[in-house]
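In the numbering used here, the protein residues as written are 27 to 176.
Where a beta carbon is used, it is the ideal one built from N, C-alpha and C, also for glycine.
Below you'll find the structure, written out as structure tokens, and then a few comments.
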């Protein structure tokens, strides 16, 4: 079972994400702020981290930078899930080494897809099907994971 650490200061968001991910058979650990999240990441070495940006004690950028600077955690896939829609924030996140950047509110299926991609539980040859609301061409872009955002 893959371990996911969710770092989110909003309790309702934390619970919603946790319940969804657990229903998808992930082991979920929760952190209510950046400091606790950083400590847990170093302790449990999750397979992936989902993190907000604006949080008390340490913000998401500070958490990401600390993780990327530590060889023990530098390669853990890191997804920002944030209400910050500003292009500069997105560029900063990618520049610091975030693997993905999703904005709230987001359909949890999009979060699940991002997680699957970064955990490599899907392959380029077997793209996921998310139901009839998605056009197959969405998944068939040849280099969509190699896009430079900034």
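Which value, in whole angstroms, describes the spacing of the CA atoms of residue i and residue j?
| i | j | result |
| --- | --- | --- |
| residue 101 | residue 75 | 11 Å |
| residue 67 | residue 92 | 10 Å |
| residue 133 | residue 41 | 15 Å |
| residue 123 | residue 142 | 18 Å |
| residue 189 | residue 51 | Since the displayed the chain opens at 27 and closes at 176, residue 189 lies outside it and no answer follows. |
| residue 38 | residue 107 | 14 Å |
Leaving out five residues on either side along the sequence, give the residues of the same chain with a beta carbon under 6 Å from the beta carbon of residue i.
| i | result |
| --- | --- |
| residue 33 | 57, 63, 77 |
| residue 109 | 130 |
| residue 103 | 74, 125, 144 |
Note down, in chain order, each residue of its chain lying with its Cβ closer than 7 Å to the Cβ of residue i, except the 5 sequence neighbours on either side.
| i | result |
| --- | --- |
| residue 82 | 35, 59 |
| residue 136 | 128 |
| residue 85 | 60, 79 |
| residue 118 | 87 |
| residue 138 | 50 |
Within its chain, find whatever has a CB closer than 8 Å to the CB of residue i; leave out the 5 residues flanking it on each side and keep chain order.
| i | result |
| --- | --- |
| residue 111 | 129 |
Just tell me which of the options has its CA closest to the CA of residue i.
| i | options | result |
| --- | --- | --- |
| residue 125 | 45, 71, 90 | 90 |
| residue 71 | 54, 107, 80 | 54 |
For residue i, is the classification buried or exposed, using 16 other Cβ atoms within 10 angstroms of its Cβ as the cut-off for buried?
| i | result |
| --- | --- |
| residue 45 | exposed |
| residue 98 | exposed |
I'd like to know if residue i contacts chain C, where contact means its C-beta is closer than 8 Å to some C-beta of that chain.
| i | result |
| --- | --- |
| residue 30 | The structure shown contains no chain C; it holds only a single protein chain. |
Which of the three DSSP states is assigned to residue i in this structure?
| i | result |
| --- | --- |
| residue 111 | coil |
| residue 102 | coil |
| residue 139 | helix |
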